[in-house]
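Residue numbers (my numbering): 289 to 443.
For glycine and all other residues, C-beta sits at the position ideal for the given N, C-alpha and C.
Source: prediction; values computed, not measured.
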């Protein structure tokens, strides 16, 4: 059972003596211990050595030597590991570049002359496409359809 006490002066030891009466109680609050044993760094302790041993098939395996005894280190468990396929280099192909115009021209800086692009219009695009709807003549902007016959076409 854990009993949480908010006031440290009410803490007691197992023998029901007040904790604050002990000589080392809360000493960390008033005394700085600079001895090497008080360091937070743990010194490494070596109980053995690890070496690589050659097998009869030519492969090597890690072995640990402790107190004159030698035994192999565990191997990686291959279960659950999917084999990785070797990467096959794809042949390099050169892509043909296309010049795609911007939807709107880039703004011109003050030290730059505006670039003009020639507009290629065929003879068909330059002539007006007029159709007659009843007694009105209308210019067609889109494609020709069976409903919008050019003026002068046979009906």
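query: Given a cut-off of 8 Å on the beta-carbon distance, is the pair residue 340 and residue 350 in contact?; result: yes
query: What residues in its chain sit with their C-beta under 8 Å from that of residue 361, if we drop five residues either side in the sequence?; result: 338, 349, 350, 351, 352
query: If you measure between the beta carbons of residue 429 and residue 418, is that distance less than 8 Å?; result: no
query: Just tell me which of 302, 314, 371 has its CA closest to the CA of residue 296.; result: 314
query: In chain order, what are the residue ranges of uninterrupted alpha helix (DSSP H) at least 4 long that sit wholly in the stretch 315-349?; result: none
query: Among 320, 356, 345, 347, which residue has its Cα nearest to the Cα of residue 336?; result: 356
query: Out of curiosity, what's the CA-to-CA distance linking residue 443 and residue 421?; result: With a pLDDT of only 48 at residue 443, under 50, the local geometry of the prediction cannot be trusted, and the value read off the model is given with reservation. Using only the alpha carbons, I get a separation of about 13 Å.
query: Could you pull out every residue in the same chain whose Cβ sits closer than 8 Å to the Cβ of residue 307, ignoring the five residues on either side in sequence?; result: 296, 299, 300, 301, 313
query: What does residue 425 pair with, by DSSP beta-bridge criteria?; result: 420
query: Roughly how far, in whole angstroms, is the beta-carbon of residue 396 from the beta-carbon of residue 402, given that I think they are within contact range, below 8 Å?; result: 5 Å
query: If you drop the 5 nearest sequence neighbours on each side, which residues of the same chain put their C-beta closer than 8 Å to that of residue 316?; result: none
query: When DSSP labels each residue in this structure, what does residue 308 get in the three-state scheme?; result: helix
query: Looking only at its own chain, which residues have a Cβ that is under 6 Å from the Cβ of residue 344, when we skip the five neighbours before and after it?; result: none
query: Tell me the rounded alpha-carbon separation between residue 318 and residue 329.; result: 22 Å
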